[in-house]
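Sequence order for the protein chains is A and B. Going by my numbering, the letters in the first sequence line up with residues 1 to 108, in that order. Going by my numbering, the letters in the second sequence line up with residues 1001 to 1108, in that order. The beta carbon of each residue, even a glycine, is placed where N, CA and C say it ideally should be. Down below is the structure, laid out as structure tokens.
There are 2 protein chains.
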Amino acid sequence: MGYYRHHLFFCTNQRPDGAERPSCAQCDSPRLRGYVKKRLKDLGLTGAGGIRANTAGCLDRCEEGPVLVVYPEGVWYTYVDEDDLDEIIESHLIGGKPVERLMLPEPV
Amino acid sequence: MGYYRHHLFFCTNQRPDGAERPSCAQCDSPRLRGYVKKRLKDLGLTGAGGIRANTAGCLDRCEEGPVLVVYPEGVWYTYVDEDDLDEIIESHLIGGKPVERLMLPEPV
């Protein structure tokens, strides 16, 4: 088993005003990552062997954002709000069943 | 296969002066991550299906730092300089053979 059972990376990149590509931070990703971090802590799921929710720089899937990726399984998600993130926590991270409606497409 | 063949996350966290735990950024991790990013680009290894080197917030293995993790395989490394990172690129990312001398211990 890896150091973390699930390791989440939220893109929290903010491009300068007027940039051509959208920024995940425009969709409130820093705050929503903080929501997940706190929720995992409240549920007692953090620490080595548990689940960690990290910030990350641009994950280069900007047009599909806001994006996060869950490793080691390599499942990519988009999300809108706390409800979406609660569903990822409960179904995927706790229940082991990825949330298909929020998953990004695999490369073809 | 996942969206990236290898996805690297470098802790680039900088704590305030006087913090009790060390910071990976004190070991020049933002610059060294930039070195790997550029090296991968020069080698033509970036993009979907390729290799990406991201910045990340604190990965919570501060005492073992500076740290980076390679997913989906979940191999954790420490490193000192460009030579160490070149070895990770050539042996692990290109050659498929992780660099044991730089790997962090697995949890017991």
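- The stretch 88 to 105 of chain A and the stretch 1057 to 1069 of chain B do not touch, with fewer than 3 CB-CB distances between them shorter than 8 Å.
- Shown here, residue 25 of chain A sits in a helix according to DSSP, grouped into three states.
- Sequence-distant partners of residue 80 of chain A (beyond 5 residues in either direction) whose C-beta falls short of 7 Å from its own C-beta are missing from its chain.
- Taking all protein chains shown into account, residue 1033 of chain B has 16 or more neighbouring C-beta atoms within 10 Å of its C-beta and is therefore buried.
- As the crow flies, the alpha-carbon of residue 72 of chain A is around 25 Å from that of residue 1038 of chain B.
- Between residue 49 of chain A and the set A:30, A:24, A:87, A:3, the nearest pair of CA atoms involves A:3.
- In the DSSP assignment, residue 1085 of chain B falls within the alpha helix (DSSP H) that extends over 1082 to 1087.
- Per the coordinates, the alpha-carbon of residue 86 of chain A lies some 43 Å from the alpha-carbon of residue 1083 of chain B.
- For residue 1056 of chain B, the neighbours in chain A by C-beta distance under 8 Å run, in chain order, 9, 54, 55, 56, 57.
- Note on residue 47 of chain A: under 16 other CB atoms within 10 angstroms of its CB, so exposed under the neighbour-count rule.
- The contact set of residue 74 of chain A on chain B, defined by CB atoms closer than 9 Å, consists of 1001, 1002, 1003, 1004, 1007, 1071, 1072 in chain order.
- Judged by beta-carbon spacing, residue 1068 of chain B lies beyond the 7 Å limit of residue 1006 of chain B, meaning their Cβ atoms are not closer than that value.
- Listed by position along chain B, the residues whose Cβ is nearer than 9 Å to that of residue 49 of chain A are 1107.
- Taking a contact as a CB-CB distance under 8 Å, the pair residue 1053 of chain B and residue 1043 of chain B does not count as one, their CB atoms being some 12 Å apart.
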